[in-house]
């Protein structure tokens, strides 16, 4: 299926490209996305900017296969035969199948909510997800993720006793636990203190060095911006600006900040 | 963070499957085990750990069923022969109402931090999520029933010991149906606006045949013959198999947003 991709992963350059083809998403009569087409190459780090309700989170959920678009489709050109013919192919969000599992196994999602169980400890949460992703030695993986997140001392504590910032750190540790090839981040810096933001920037930089593709919705200035290689601004569910793969993302980032879109 | 080469055995298994060419049987078995059985076991452990930590569902069920049984025991004369006739029906009715309360949080609890999204994103069979929840709810209901049975027997002057083995069979079959349908409709109703009302509305009509069969089979145990009715137990088993099969076939669609 993807032997070359697997080899690339082994060599630490295993990003997963993603292509959106004329994505439309409607909730009742309201359009969340209107014909969004975007090709993101492996290793790119794309910042999604835009005002509240511009469609950033919906696009991330569609990329994570959690929401089915009303029309259009998503392809992952680097994996298997999905989209290999170039035709847009929507993947059923909850469907099984080896190709879908192969894609899901490579996607990490940091959502607006933490996706963590409050009644489990930090360690239990990570061990559970390590098992669901079929990782070897789940306990060691969890310990290895908690240490850099600064949560090793609170590993046995229930998540419901954590502060907002600690939950966000744990959520980031969960999202990156399985070394994703495509990392989807919805406002990753939310709730993080300066030290947490530094750690976030370092973590994302580390993933970028390995070739991980990233798509992040972002608000406000953040250490996370250091890894951005491309900026896309959404407005009214459509792409309003795109710096392109080879363009400079800074003008769009700066303009979005100045216009108050980020904050 | 561990090197990439140490990650996810199942992806590696899939790659090996493709490298091998045809989907050979052992590889398919490996994939199914890693995407269905192992995740289901991990999720079941999570459900049990969470419940035994909070005891929310068990406590609710125990208190509700106990209240119903105690209240009705004051209404009827426990020494009358007629009591043996309707007591099993009361027990099952109380369990059904308690089940509709207890099963409701199965999926609404996953909404607190949108953890269901994390489960749907994981590379596992969606039916593993349902299987774990059905198994967990079955455990909770059976545990509650086992704790309530002695009280039920005392309140209604019934002798459990001579029929305990057969009674456990009936309880298991009836409760399996309740746990299966209740869990499935908990998934359906969790995404609805009137979710608190929807589960009982969906659950009660569908459970009616199983409720009748369970009550009749239990009544048979406490009459003079004390026999396990083959008709009702077969009906219950068929009911369970039918709904488990439907869940297996169509369960993944229940979890879509």
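Residue numbers (the working numbering), protein chains in the order written: chain C, 1 to 263; chain G, 264 to 520. Think of the CB as a built atom: it goes at the ideal place given N, C-alpha and C, for glycine as much as any other residue. In this text, all values refer to a predicted model and were calculated from it rather than measured experimentally.
Residue burial classification, residue i (beta-carbon count within 10 angstroms, cutoff 16)
| i | result |
| --- | --- |
| residue 282/C | Here chain C has residues from 1 to 263 only, and residue 282/C is not among them. |
| residue 427/G | exposed |
| residue 76/C | buried |
| residue 526/G | Only positions 264 to 520 of chain G appear in this structure, which leaves residue 526/G out of reach. |
| residue 208/C | buried |
| residue 348/G | exposed |
| residue 130/C | buried |
| residue 122/C | buried |
| residue 355/G | buried |
| residue 508/G | exposed |
| residue 470/G | buried |
| residue 503/G | buried |
| residue 333/G | exposed |
| residue 472/G | exposed |
| residue 73/C | buried |
| residue 182/C | buried |
| residue 64/C | buried |
| residue 244/C | exposed |
| residue 256/C | buried |
| residue 214/C | buried |
| residue 413/G | exposed |
Any non-hydrogen atom of the ligand NAP closer than 7 Å to residue i Cβ
| i | result |
| --- | --- |
| residue 438/G | Among the components of this structure there are no ligands whatsoever, and the ligand NAP is therefore not found. |
Cβ neighbours of residue i in the same chain (closer than 6 Å, five flanking residues each side left out)
| i | result |
| --- | --- |
| residue 54/C | 234 and 235 |
| residue 484/G | 426, 429 and 430 |
| residue 145/C | 126, 173 and 177 |
| residue 481/G | 351 and 433 |
| residue 411/G | 328 |
| residue 167/C | 114 |
Own chain residues within Cβ distance below 7 Å of residue i, not counting five before or after
| i | result |
| --- | --- |
| residue 224/C | 188, 189, 200, 201, 204, 216 and 218 |
| residue 56/C | 48, 50, 217 and 234 |
| residue 382/G | 392 |
| residue 419/G | 336, 341, 346 and 350 |
| residue 394/G | 303 |
| residue 229/C | 44, 45 and 249 |
| residue 175/C | 108, 109, 110 and 183 |
| residue 443/G | 397, 503, 506, 507 and 510 |
| residue 320/G | 314, 365, 368 and 403 |
| residue 112/C | 57, 186 and 187 |
Own chain partners of residue i with C-beta closer than 8 Å, once the 5 adjacent residues on each side are dropped
| i | result |
| --- | --- |
| residue 149/C | 169, 170, 172, 173 and 199 |
| residue 343/G | none |
| residue 69/C | 23, 24, 25, 33, 62 and 90 |
| residue 359/G | 441, 466, 467, 470 and 474 |
Taking 8 Å as the cut-off, does the stretch 28 to 42 of chain C touch the stretch 151 to 162 of chain C (at least 3 CB pairs, one atom from each stretch)?
no
3 or more residues per run - each beta strand (DSSP E) lying fully within the stretch 14 to 78 of chain C:
Runs of the beta strand (DSSP E) spanning 3 or more residues and lying entirely within the stretch 14 to 78 of chain C occur at 18 to 27, 30 to 40, 45 to 49 and 71 to 75, in chain order.
Kindly provide the ranges of any alpha helix (DSSP H) runs that are 4 or more residues long and lie completely inside the stretch 458 to 508 of chain G, ordered along the chain.
458 to 485
Is it a yes or a no for the stretch 367 to 378 of chain G touching the stretch 483 to 494 of chain G, going by three-plus beta-carbon pairs under 8 Å?
no
Residues from the stretch 380 to 411 of chain G in contact with chain C, defined by Cβ distance under 7 Å:
380, 381, 383, 384, 385, 386, 387, 388 and 389
Positions along the stretch 295 to 309 of chain G whose CB lies within less than 7 Å of some CB in chain C
297, 298, 301, 302, 305 and 309
Contact list for the stretch 187 to 220 of chain C against chain G, Cβ threshold 8 Å:
206 and 210
Near-chain G residues of the stretch 161 to 175 of chain C - C-beta to any C-beta below 7 Å:
Interface annotation for the stretch 161 to 175 of chain C against chain G: empty, criterion Cβ-Cβ distance under 7 Å.
Interfacial residues, the stretch 349 to 383 of chain G to chain C, with Cβ spacing under 7 Å:
375, 376, 377, 378, 380, 381 and 383
Continuous alpha helix (DSSP H) assignments of at least 4 residues falling wholly in the stretch 208 to 259 of chain C:
250 to 258
Is the stretch 117 to 137 of chain C in contact with the stretch 240 to 254 of chain C, if contact means three or more CB pairs nearer than 8 Å?
no
Is the number of C-beta pairs between the stretch 298 to 315 of chain G and the stretch 116 to 127 of chain C that are closer than 8 Å three or more?
yes
Given 8 Å, three or more beta-carbon pairs between the stretch 42 to 49 of chain C and the stretch 363 to 370 of chain G
Look at the beta carbons and you see the stretch 42 to 49 of chain C not touching the stretch 363 to 370 of chain G: under three pairs across the two are nearer than 8 Å.
Pull out every residue of the stretch 96 to 119 of chain C whose Cβ sits closer than 7 Å to any Cβ of chain G, in chain order.
96, 98, 101, 102, 104, 105, 107, 109, 111, 113, 114, 115, 116, 117, 118 and 119
Identify each residue in the stretch 64 to 79 of chain C for which the Cβ-Cβ distance to at least one residue of chain G is less than 8 Å, and report them in chain order.
So the list reads 64, 65, 66, 67 and 68, given in the order they occur along the chain.
Three or more beta-carbon pairs under 8 Å between the stretch 435 to 451 of chain G and the stretch 471 to 480 of chain G, yes or no?
Short answer: they touch.
Would you list, in chain order, the members of the stretch 26 to 42 of chain C that have their beta-carbon closer than 8 Å to a beta-carbon of chain G?
none
Proximal residues, the stretch 123 to 135 of chain C versus chain G, C-beta separation under 8 Å
124, 128, 129, 131, 132, 133, 134 and 135
Does the count of Cβ pairs from the stretch 392 to 407 of chain G and the stretch 455 to 469 of chain G closer than 8 Å reach three?
No: the two stretches stay apart, fewer than three of their Cβ pairs being nearer than 8 Å.
Scan the stretch 464 to 487 of chain G for residues whose Cβ lies nearer than 9 Å to a Cβ of chain C and list them as they occur along the chain.
Contacts with chain C (Cβ-Cβ distance below 9 Å) from the stretch 464 to 487 of chain G involve no residue at all.
Which residues of the stretch 446 to 459 of chain G have a Cβ closer than 8 Å to any Cβ of chain C? Give them in chain order.
none
Contact between the stretch 449 to 456 of chain G and the stretch 323 to 332 of chain G: three or more CB pairs below 8 Å?
In this structure the stretch 449 to 456 of chain G does not touch the stretch 323 to 332 of chain G; the number of beta carbon pairs closer than 8 Å is below three.
For the stretch 312 to 330 of chain G, enumerate the residues whose C-beta is nearer than 8 Å to any C-beta of chain C, in chain order.
312, 313, 316 and 317
Could you tell me which whole beta strand (DSSP E) segments of length 3 or greater appear in the stretch 89 to 173 of chain C?
107 to 110
I'd like the ranges of any alpha helix (DSSP H) spanning at least 4 consecutive residues and lying wholly in the stretch 373 to 454 of chain G.
Counting only unbroken stretches of 4 or more residues, the alpha helix (DSSP H) elements lying wholly within the stretch 373 to 454 of chain G are 378 to 384, 389 to 418 and 427 to 453, in sequence order.
3 or more residues per run - each beta strand (DSSP E) lying fully within the stretch 308 to 332 of chain G
Listed in chain order, the beta strand (DSSP E) elements of length 3 or more contained wholly in the stretch 308 to 332 of chain G amount to none.
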